[in-house]
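Its first residue numbered 152, the sequence shown is counted upward by one per residue in this note's numbering. Built from N, CA and C at the ideal position, the CB exists for glycine as well. Every value quoted in this text rests on a predicted model; they were computed, and no experiment measured them. In what follows, a single structure is set out as structure tokens and then discussed.
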Amino acid sequence: MKDRILVVDDNEMISEMVSQMLGRMGYLSVVCNKPTDALTLFSRVPERFDAVVVDEIMPDLRGTELAAKLLRIREDIPIILITGHGDMISLEKIRKSGVRATLIKPVLKDWLEKTLERLLKPGKQEF
């Protein structure tokens, strides 16, 4: 069974690009362009997802805020934060949110693939 990844980014072009990358890697993806929609979807069936890829800067809810809310629903869900503003977010804020990895935009397929392998298949990937 393929792993299912929830992709959350308010920029439809980026969320679609990440979704296509995930498809080429063999993952299934579900895209939400509004963080509030993602929270609603995730809260209905949290076990449906194996990981979440979330943008930091979005209207209504920042990625780190969404991550904290998702982790209150399901504490073991691996969350990858993507941001184009790495210099504008503190490591402390990332740690407190529960995010397990951070990638800087533009997201490179190799980095995303290695990060997902590390989070979803621990011990299999040497890092």
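Buried or exposed: residue i, going by 16 or more other Cβ atoms within 10 Å of its Cβ?
| i | result |
| --- | --- |
| P229 | buried |
| R195 | exposed |
| R213 | buried |
| L157 | buried |
| L259 | exposed |
To the nearest angstrom, how far is the alpha carbon of residue i from that of residue j?
| i | j | result |
| --- | --- | --- |
| G174 | S180 | 7 Å |
| K247 | V205 | 16 Å |
| P210 | D161 | 8 Å |
| D154 | Y178 | 5 Å |
| P169 | I231 | In the sequence under discussion, the amino acid at residue 169 is Val, which differs from the Pro named in the question. Spanning the two alpha carbons is a distance of roughly 12 Å. |
Since residue i is in the alpha helix (DSSP H), which residue starts that stretch and which ends it?
| i | result |
| --- | --- |
| S248 | 242-248 |
| V169 | 163-175 |
Once DSSP output is grouped into helix, strand and coil, what is the label at residue i?
| i | result |
| --- | --- |
| D261 | helix |
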